[in-house]
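Student: Provided herewith is a single structure, encoded as structure tokens, for subsequent inquiry.
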Amino acid sequence: MKLYFIAAEAAPFIKVGGLGDVIGSLPKALKEEGAEARVVLPLYKSIDREKYSLRYVKYIFVNLGWRHTYCGIFEAEVDGIKFYFIDNEYYFGRDATYGEYDDAERFAFFSKAALEILPHVDYRPDVINANDWHAALSIVYLDYFKSCGSQYFANTKTLLSIHNIEFQGQFDPLTLGSLFGLENKYYDALIYKGTLNLLKGAIQLADRVNTVSETYAHEILTPTYSYGLDSILNIEKGKLYGIVNGIDVEKFNSKIDPLIVKNFDVKTLNFKKDNKLAFQKELGLEVNENIPMIGMVTRLTHQKGIDLVLHVADEILNTGAQLVVLGTGASAYEDALRAIEARRPDRARALIMFSNEVSSKVYSSCDMLLMPSKTEPCGLSQLISMRYATIPVVHSVGGLKDTVEAYNPKTKKGRGFTFQSYNAHDMLGAVERAVDLFYKHKGDWKQLMSNAITYDVSWKKSAKKYMEIFNSLI
Ligand code: GLC
1 MKLYFIAAEA APFIKVGGLG DVIGSLPKAL KEEGAEARVV LPLYKSIDRE KYSLRYVKYI
61 FVNLGWRHTY CGIFEAEVDG IKFYFIDNEY YFGRDATYGE YDDAERFAFF SKAALEILPH
121 VDYRPDVINA NDWHAALSIV YLDYFKSCGS QYFANTKTLL SIHNIEFQGQ FDPLTLGSLF
181 GLENKYYDAL IYKGTLNLLK GAIQLADRVN TVSETYAHEI LTPTYSYGLD SILNIEKGKL
241 YGIVNGIDVE KFNSKIDPLI VKNFDVKTLN FKKDNKLAFQ KELGLEVNEN IPMIGMVTRL
301 THQKGIDLVL HVADEILNTG AQLVVLGTGA SAYEDALRAI EARRPDRARA LIMFSNEVSS
361 KVYSSCDMLL MPSKTEPCGL SQLISMRYAT IPVVHSVGGL KDTVEAYNPK TKKGRGFTFQ
421 SYNAHDMLGA VERAVDLFYK HKGDWKQLMS NAITYDVSWK KSAKKYMEIF NSLI
């Protein structure tokens with residue numbers, strides 16, 4: 001089984017969000033299931049060519065509308081997985097990954113080039129996995145190549161993976177011919193509510209569609225979660241699957257992680273506190289293992305539930321807990337978090353930055369990880385935190401619902417604390433329950449830590465589900 005992942009991000013080369021983690025780890029898990037998986041990325045300026053030993057392969061030209069455009073092909077290998085890179089300095093030699101005025105053109109070029117390089121590197125995939133809107137057009141171009149009689153792609157099938165339906169790639173209808181170089185027959189597939197919608201077109205043309213948790217696969221069939229695409233998804237739901245993400249359990253491993261102060265595992269949970277004491281000291285907070293420490297590692301966007309935290313920040317701190325928020329994003333949220341730190345320097349820290357090193361400190365040191373996302377396709381922070389026996393406190397939606405079972409003090413089962421409605425005081429209630437158990441029931445808390453750290457967050461089960469989809473296609 002030959003697989004080809006087309007995506008705008010993959011760790012360790014380029015990572016803006018969870019997509020990068022997934023594309024950096026799922027191919028390895030599929031390799032263990034016996035598949036060959038290769039990945040293609042844009043060669044962004046920020047990708048370190050020396051560090052990852054990128055090799056130049058050759059160049060081709062890609063036609064896009066009236067443009068005849070240079071496309072360099074580079075390759076590299078990480079952990080036995082081959083990565084290809086599409087080089088074009090005009091499109092990708094910039095500081096930003098996304099959010100450029102010409103993203104439609106940049107990612108149309110990428111999506112088309114990703115397919116056109118394949119005969120030149122002599123790789124003929126059985127299934128192409130296009131991720132999010134940035135790669136959605138590759139499914140449309142594949143359809144176009146097939147309709148023109150391409151022998152090379154005659155048997156190639158497609159899976160579209162939706163990591164977040166909020167981002168659909170919506171552009172002016174005039175771009176269809178002028179930028180994308182697509183014939184009018186694709187107008188019907190791509191047009192939606194007056195704009196060209198790349199994700200919508202790919203949903204219709206893909207052989208299979210999946211999203212990153214079972215619950216989210218159900219949620220996006222409803223208007224509350226679909227950002228307008230529920231009617232399309234309901235038509236196509238026969239080919240829609242939900243498969244929860246895993247994480248790289250070698251990388252996120254409290255037993256051997258070199259970035260943390262003191263390693264620990266399920267048998268040595270009491271060592272975890274050394275991480276907390278060191279982090280409290282580093283942050284200038286009161287150094288005391290009996291003070292509950294609540295962490296957040298998050299993009300500061302409306303999706304992540306920052307509004308709820310801001311609304312009841314004082315009440316959270318009044319439980320006696322310390323609150324440490326790590327992330328960057330909307331400046332209004334950044335400023336509001338800084339203001340909380342300024343008001344409560346004894347208890348709150350706003351770490352407005354993006355840092356793997358600091359995030360591993362938050363994961364390993366805190367007692368709880370707060371994740372009140374309004375919507376969450378899967379969420380990776382709660383999976384990482386559990387690997388460090390840090391207890392998730394989450395809004396029960398999407399992947400959070402599928403991975404964080406609420407702790408039941410009677411049966412001693414479950415791994416975290418949950419709240420059902422997107423409401424600041426319901427969230428506060430969950431935080432208070434967590435803090436209360438932490439203060440008053442040390443034995444139960446330890447049980448909870450042990451339940452969390454032993455929960456299987458690897459790709460194993462999910463990789464098998466992906467393989468079932470791939471096998472059903474060929
Ligand atoms: C997006 C989603 C997140 C998911 C990640 C990887 O970032 O918002 O929930 O875990 O993609 O699939």
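In terms of this note's numbering, the sequence shown opens at residue 1 and continues consecutively. Don't be surprised by glycine CBs; every beta carbon is placed ideally from N, CA and C. As the structure is a computational prediction, the values presented were derived from the model and not from experiment.
#1: May I ask whether a heavy atom of ligand 1 can be found less than 7 Å away from the beta carbon of Leu-19?
#2: What is the DSSP secondary structure of His-68, reduced to helix, strand or coil?
#3: Cα-Cα, which of Gly-242, Leu-310, Leu-182 and Arg-433 is closest to Leu-160?
#4: Confirm the yes/no value for this check: CB of Val-22, any heavy atom of ligand 1, distance under 7 Å.
#5: Per DSSP, Val-40 forms a beta bridge with which residues?
#6: In whole angstroms, what separates the C-alpha of Ala-406 from that of Asn-63?
#7: Helix, strand or coil: how does DSSP classify Ile-260 here?
#8: Tell me whether Ala-330 sits in a helix, a strand or coil according to DSSP, three-state version.
#9: Consider the C-beta atom of Val-39 and the heavy atoms of ligand 1; say whether any pair is separated by less than 7 Å.
#10: Among the candidates Ser-364, Arg-299, Asn-356 and Met-368, whose CA atom is the shortest distance from the CA of Leu-337?
#11: Looking at Cys-378 and ligand 1, is the gap between the Cβ and the nearest heavy atom below 7 Å?
#12: Could you give the uninterrupted runs of the beta strand (DSSP E) lying entirely in the segment 346 to 408, keeping only those of 3 residues or more?
#13: Identify, in the order they occur along the chain, each residue of the same chain with its Cβ nearer than 7 Å to the Cβ of Val-457, setting aside the five sequence neighbours on each side.
#14: Name the two residues that bound the continuous alpha helix (DSSP H) containing Leu-139.
#15: Within a Cβ cutoff of 8 Å, which residues of the same chain sit near Leu-326, ignoring the five residues on either side of it in sequence?
#16: Flag this pair as touching only if the segment 220 to 240 and the segment 249 to 266 have three or more C-beta atom pairs under 8 Å; answer yes or no.
#17: Applying the criterion that 16 or more other CB atoms from any shown protein chain within 10 Å of the CB defines a buried residue, is Glu-105 buried or exposed?
#18: How would you write the range of the alpha helix (DSSP H) that Ile-243 sits in, first residue to last?
#19: Return the chain-ordered list of same chain residues with a C-beta closer than 8 Å to the C-beta of Ile-453, the five sequence neighbours on each side being excluded.
#20: With hydrogens ignored, establish whether the beta-carbon of Val-261 is closer than 7 Å to any heavy atom of ligand 1.
#21: Label Glu-50 either buried or exposed according to how many other C-beta atoms from any shown protein chain fall within 10 Å of its C-beta, with 16 as the threshold for buried.
#22: Would Ile-6 pass as a contact of Ala-130 if the rule is Cβ separation under 8 Å?
#23: Taking the CB atoms as reference points, tell me whether Lys-410 and Asn-451 lie closer together than 8 Å.
#24: Put Met-1 into one of helix, strand or coil per three-state DSSP.
#25: Write down every uninterrupted run of the alpha helix (DSSP H) in the segment 90 to 133 whose length is 4 residues or greater and which is fully enclosed by it, in chain order.
#26: Taking DSSP as the reference, what is the three-state secondary structure of Lys-446?
#27: So the candidates are Phe-279, Gly-17 and Gly-80; which of them puts its Cα closest to the Cα of Leu-259?
#28: Going by CA-CA distance only, name the one from Tyr-4, Glu-32, Ala-11 and Pro-392 that's closest to Lys-464.
#29: Which residues in the same chain have their Cβ closer than 6 Å to the Cβ of Tyr-192, if we skip the five residues on either side of it in sequence?
#30: For a test of the three-state rule: what should DSSP assign to Val-287, helix, strand or coil?
#31: How about His-425: is its Cβ closer than 7 Å to a heavy atom in ligand 1?
#32: Kindly identify the DSSP beta-bridge partner or partners of Lys-413.
#33: In the DSSP assignment, what residue or residues form a beta bridge with Gln-322?
#34: Does ligand 1 have even one heavy atom less than 7 Å from the beta-carbon of His-163?
#35: Just checking my contact of Asp-87 with Ala-8 at CB under 8 Å: how many whole Å lie between their CB atoms?
Tutor: If we stick to the structure as given:
#1: Here residue 19 is taken as the residue at index 19 of the sequence shown, counted from 1. Checking the Cβ of Leu-19 against ligand 1 gives yes.
#2: Start at 1 with the first residue of the sequence shown, and residue 68 comes out as number 68. Here His-68 sits in strand by DSSP.
#3: Working through the sequence shown from its first residue, we reach residue 160 at position 160. Minimum Cα distance to Leu-160 is reached at Gly-242.
#4: Counting from 1 along the sequence shown, the entry for residue 22 is found at position 22. It does: the Cβ of Val-22 is within 7 Å (strictly closer) of some heavy atom of ligand 1.
#5: Within the sequence shown, residue 40 is the residue found at index 40, counting from 1. BP columns for Val-40 point to Ile-6 and Tyr-84.
#6: Indexing the sequence shown from 1 puts residue 406 at position 406. Indexing the sequence shown from 1 puts residue 63 at position 63. Cα to Cα, Ala-406 sits roughly 53 Å from Asn-63.
#7: Counting from one through the sequence shown, the residue named residue 260 turns up at place 260. Three-state DSSP puts Ile-260 in coil, outside helix and strand.
#8: Within the sequence shown, the letter at position 330 stands for residue 330. It is coil, neither helix nor strand.
#9: Position 39 of the sequence shown, counted from the start, is the residue given in the question as residue 39. For ligand 1, not one heavy atom lies less than 7 Å from the Cβ of Val-39.
#10: Taking the sequence shown and counting its residues from 1, the one referred to as residue 337 is at position 337. Checked all of Ser-364, Arg-299, Asn-356 and Met-368; the closest Cα to Leu-337 is Arg-299.
#11: As a first step, residue 378 is located in the sequence shown; it is residue number 378 there, counting from the start. Yes, the beta carbon of Cys-378 sits closer than 7 Å to at least one heavy atom of ligand 1.
#12: 348 to 351, 368 to 371 and 391 to 395
#13: For this step, residue 457 is matched to residue 457 along the sequence shown. Counting only Cβ-Cβ distances below 7 Å, and skipping sequence neighbours, we find Gly-246, Ile-247, Val-249, Leu-383, Met-386 and Arg-387.
#14: The residue labelled residue 139 in the question sits at position 139 within the sequence shown. The identity of residue 139 in the sequence shown is Ile, whereas the question assumes Leu. Ile-139 -> alpha helix (DSSP H) spans 132 to 147.
#15: The count along the sequence shown starts at 1 and reaches residue 326 at position 326. Taken in chain order, the residues that qualify are Gly-295, Met-296, Val-297, Thr-298, Leu-351, Met-353, Ser-355, Val-358, Ser-359 and Val-362.
#16: no
#17: Numbered from its first residue, the sequence shown carries residue 105 at position 105. That one is buried.
#18: Taking the first residue of the sequence shown as 1, we reach residue 243 at position 243. No alpha helix (DSSP H) holds Ile-243; DSSP gives it neither H nor E.
#19: Counting from 1 along the sequence shown, the entry for residue 453 is found at position 453. The answer, listed in chain order, is Ser-254, Asp-265, Val-266, Leu-269, Met-386, Arg-387, Tyr-388 and Ala-389.
#20: Working through the sequence shown from its first residue, we reach residue 261 at position 261. No; taking the cut-off as 7 Å, the Cβ of Val-261 has no heavy atom of ligand 1 nearer than that.
#21: Taking the sequence shown and counting its residues from 1, one reaches residue 50 at position 50. Classification for Glu-50: exposed.
#22: On the sequence shown, residue 6 is found 6 positions in, with the first residue counted as 1. On the sequence shown, residue 130 is found 130 positions in, with the first residue counted as 1. Closer than 8 Å, so yes.
#23: Your numbering for residue 410 matches position 410 in the sequence shown. Your numbering for residue 451 matches position 451 in the sequence shown. Not a contact, by the Cβ cut-off of 8 Å.
#24: For the purposes of this step, residue 1 is taken as the residue at position 1 of the sequence shown. Met-1 falls in the coil class under three-state DSSP.
#25: 103 to 116 and 118 to 121
#26: Counting from 1 along the sequence shown, the entry for residue 446 is found at position 446. It is helical.
#27: By one-based count along the sequence shown, residue 259 stands at place 259. Checking every option, the nearest Cα to that of Leu-259 belongs to Phe-279.
#28: Stepping through the sequence shown from its first residue, residue 464 is reached at position 464. For Lys-464, the nearest C-alpha among the options comes from Glu-32.
#29: Taking the first residue of the sequence shown as 1, we reach residue 192 at position 192. Answer for Tyr-192: Lys-200, listed in chain order.
#30: Taking the sequence shown and counting its residues from 1, one reaches residue 287 at position 287. Val-287 falls in the coil class under three-state DSSP.
#31: For the purposes of this step, residue 425 is taken as residue 425 along the sequence shown, with counting starting at 1. False, no ligand heavy atom lies under 7 Å from that Cβ.
#32: Here the question's residue 413 lines up with position 413 in the sequence shown. For Lys-413, which the question treats as bridged, DSSP gives the partners Asn-408.
#33: Here residue 322 corresponds to residue number 322 of the sequence shown, with the count starting at 1. DSSP lists Met-293 as partners of Gln-322.
#34: Taking the sequence shown and counting its residues from 1, the one referred to as residue 163 is at position 163. Answer for His-163: yes, Cβ within range of ligand 1.
#35: By 1-based counting over the sequence shown, the position of residue 87 is 87. By 1-based counting over the sequence shown, the position of residue 8 is 8. Not confirmed; about 15 Å, so no contact.
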